[in-house]
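Quick notes on the structure that follows.
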Amino acid sequence: MSPANNSSYGDCQKSLLARQAPSRLHRKDASLFAEFADQAQVKRCLGWTSLATNPPLDLAEIAAIAAGIRMEGLDAVVLIGQGGSSQASMTITKLYEVGHGSKVCFRTMDSLSPVFVNHILQSSDPGRTLYIVSSKSGSTIEPLMLERVAWQYATGHLGSKGAAKRFVAITDPGSRLEQLAFVKDYRFVFSSPSDVGGRFSALSVFALFPAACIGIDIEQVVASAARVEQRCAADTEDNPALDMACFIYDNYRQGRDKIALIMPRSGAVFGLWFEQLIAESLGKKGKGILPNVEVDASILHVPREDSLIITYTVGHSEGFAESLEHVDASIPARHYRLDSVDELFDRFVIWEYTVALLGLLMEINPFDQPDVEDTKKRVRALLAHQGKDDRAKSKKGEGEASTVVLPDEEECADYFELTFSEMDYIRCIRISRALLQGSDLVEGEITVDHAIRALLNTLRFGDYFSFNAFLPFRGYGRREALERMRNRIASRLGIATCLEIGPRYLHSTGQLHKGGPNTGVFCFLSADETDDIEIPGEDFTLGNLAAIQAQGDFAALAARDRRAIQIHLASNDSETLSRFADRFCLAVSAVKRLQ
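This note's numbering puts the sequence shown at residues 4 to 598.
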């Protein structure tokens, strides 16, 4: 249905224009959100609205610093970050490489997987690599721990003075990371604008400096984005952000609370930025819109009453247009192109304004993430608990464990745990009380297969299924096994499915999982690490931290009565994942199709 013929769309548009919402956003008028959000908090988060038309840093200076580093000899950039501090940079650089190629290889270290971390560290010469450590708060645990590992690696090759010349920090003034960078004498420390939240920072130094390092003309792309920003700030019907917000909200009120983002594989990285912006901004107070990314168009060949579609064609993607022909015409859809890095920056601006306007329409604060801290608190408690256990074992002379040890929480009413000492590839399973109480599972008679089938049997139309995998994507067969399970559920049961990689999703869709509607069904996957990496100065490893984060987030969901299980595997190798995928897919086949 076209907007012109849709009175509901028109009412939505008139409501926003009557409030002069676009122009007031651009003027940083926090009173727009006064009815349902703390104005002081909102005011501290509106710096993004004018980043293109009024950049807080000298773009020419940023470009000159990056050019100087490239001229010295730069083969690779490693961005150490998490969430909003890394997503835009990863998107920009990957799409630029697709369209232009680049003499400088860009890699993002946002996974705790030793397989992944070792691959990145060993893929380039530290003396010709720039390590950018990005964290707005400067206290996020993943980049701080990964910084220690990367610093140890670089100093081992270059010495501390040589390593310092290869490190740059981007963070808020006065943060823990800034202090660390000064102590270690980093080459540069960029101060990020304190009134720009991480997921709204695509036009800030968090994204612009990495972009400049691989050769993107940041002055040109920001100039293009400035023109779009002015359109998004206009109180007119042809405002592209106003149009998109009204399109999405009109469908949301009709029960379409999932956005299927369909793109060719070459542009899939855009989905990582998109899903964080949508999910973390709008998933709270029992409301939310699920960004369903990396969707195979073929599964949308039948009507979906809970979804709408956004597509982006990237360059010349052979077969992509043909794949869209199979999408059911009854599903509301918008189709766009994304052919240049300039257009990518333009889309950043449009979507940021769109999400802010959606927050107004949905009457939620799009600039906070109230439920993210719960998982962080649980992880800190579990780390402290493990530290006590390790010290006790050391006093007893028991030595170090050879595999990742999952810390035992005190008896918890929110979930039930089973260990399987007789099984050769599954260590334990945790089952939320909500699942136990809503199924025919009986404590004392539970098997892994029973638990998986019970989880799948709770699915109903309007639900979504999420694999929250704290596993490496690298290596033959790993991602394939995960995708096989995801696609099997989507094709047989006809519901939205997500593949979320931890810990990245904790700073993204994790907010929606915990704060949004109780329509998610979750399967956590974690595993022991055979070649773990010690973290300098800590009594836990990267593998320990990943396993504990999986348990902490599972516990946070269980406490919110989510239907969830966590399965901890003996290994994350491709053979183990493939065996588990076989087992899981058999369980899916045994579940009745949704009627």
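The C-beta atom is built at its ideal place from N, Cα and C for all residues, glycine as well.
Is Ala-215 closer than 7 Å to Ala-69 when the C-beta atoms are compared?
-> yes
Looking at C-alpha atoms only, which residue of Asn-547, Ile-302, Leu-485 is the closest neighbour of Arg-582?
-> Leu-485
With DSSP as the reference, label Ser-529 as helix, strand or coil.
-> In the structure shown, Ser-529 sits in a strand (DSSP, three-state: E or B).
How many angstroms separate the CA atom of Phe-464 from the CA atom of Leu-597?
-> 7 Å
Buried versus exposed, by CB contacts within 10 Å (16 or more), Asp-433 | At residue 433 the sequence reads Arg, which differs from the Asp that was named. With 16 or more other Cβ atoms within 10 Å, it is buried.
Is the beta carbon of Ile-72 sitting closer than 7 Å to the one on Leu-161?
-> no
Below 7 Å between beta carbons: does that hold for Ser-592 and Gly-480?
-> Against a cut-off of 7 Å, the Cβ pair of Gly-480 and Ser-592 comes out as no contact.
Whose C-beta lies closer than 6 Å to the C-beta of Ser-92 among residues of the same chain, with five residues either side of it excluded?
-> Leu-82, Ala-210, Pro-213
Measure how close the beta-carbons of Thr-174 and Lys-139 come, nearest whole angstrom, since I'm counting them as under 8 Å.
-> Lys-139 and Thr-174 do touch by the CB rule: their CB atoms are close to 7 Å apart, below 8 Å.
Does DSSP put Arg-463 in a helix, a strand or coil?
-> coil
Are there 16 or more other CB atoms within 10 angstroms of the CB of Val-118, so buried, or fewer, so exposed?
-> buried
Should Gly-200 and Phe-370 be called a contact, given that it needs their Cβ atoms to be closer than 7 Å?
-> yes
Taking the alpha carbon of Ala-499 as the point to measure from, which residue in Gly-523, Gly-478, Val-152, Ser-511 has its own alpha carbon closest?
-> Gly-523
Would you mind reading off the limits of the alpha helix (DSSP H) that contains Cys-588?
-> 577-592
Excluding the five sequence neighbours on either side, which residues of its own chain have a C-beta within less than 8 Å of the C-beta of Ala-416, listed in chain order?
-> Arg-436
Would you tell me roughly how many angstroms separate the C-alpha atoms of Ser-11 and Asp-253, rounded to the nearest one?
-> 6 Å
In the DSSP assignment, find the beta strand (DSSP E) that holds Met-112 and state where it starts and stops.
-> 108-112
Supposed close pair Gln-85, His-510 - CB separation, criterion 8 Å | About 5 Å; that satisfies the 8 Å criterion.
Nearest to Glu-75 (by Cα), restricted to the options Phe-323, Gly-130, Ala-63, Asp-41 = Gly-130
CA nearest to the CA of Leu-60, picked from Lys-287, Ile-302, Phe-193 | Phe-193
Taking the C-alpha atoms as reference points, what is the distance between Ala-562 and Phe-525?
-> Each residue's Cα considered, the two are about 13 Å apart.
For Leu-496 versus Leu-462, is the C-beta spacing smaller than 7 Å?
-> yes
Taking Leu-327 as the reference, which of Met-266, Arg-383, Arg-169 has the closest Cα?
-> Met-266
Check whether Asp-531 and Ala-573 have beta carbons under 7 Å apart | yes
Nearest neighbour of Leu-459, chosen from Ile-536, Ser-424, Ala-567, Glu-446 [CA to CA] = Ala-567
Alpha carbon to alpha carbon, how far is Val-120 from Asp-564?
-> 34 Å
Pro-117 in three-state terms, based on DSSP | helix
Excluding the 5 residues preceding and the 5 following Lys-398 in the sequence, name in chain order all residues of the same chain whose CB lies nearer than 6 Å to its CB.
-> With a pLDDT of 47 at Lys-398, under the threshold of 50, the modelled position of that residue is not reliable, and the figure given next carries that caveat. For Lys-398, same chain residues with a beta-carbon under 6 Å away, outside a window of 5 residues either side, do not exist.
Could you spell out where the beta strand (DSSP E) holding Pro-213 opens and where it closes?
-> Segment 208-216 is the alpha helix (DSSP H) holding Pro-213; no beta strand (DSSP E) there.
Residue burial classification, Thr-52 (beta-carbon count within 10 angstroms, cutoff 16) = buried
Could you have a look at Pro-294 and say whether DSSP puts it in helix, strand or coil?
-> strand
Helix, strand or coil: how does DSSP classify Gly-421 here?
-> Note on identity: in this sequence residue 421 is Leu, with Gly being the wrong assignment. Strand, per DSSP.
For Tyr-134, which beta-bridge partners are listed by DSSP?
-> Val-81, Phe-170
Give every residue of the same chain whose Cβ lies closer than 8 Å to the Cβ of Leu-28, excluding the five residues on either side of it in the sequence, and list them in chain order.
-> Leu-35, Leu-49, Thr-52, Ala-236, Tyr-356, Ala-359, Leu-360
Should Asp-331 and Pro-306 be called a contact, given that it needs their Cβ atoms to be closer than 7 Å?
-> yes
Going straight from the alpha carbon of Ala-205 to that of Leu-275, what length do you get?
-> Going from the Cα of Ala-205 to the Cα of Leu-275 covers about 13 Å.
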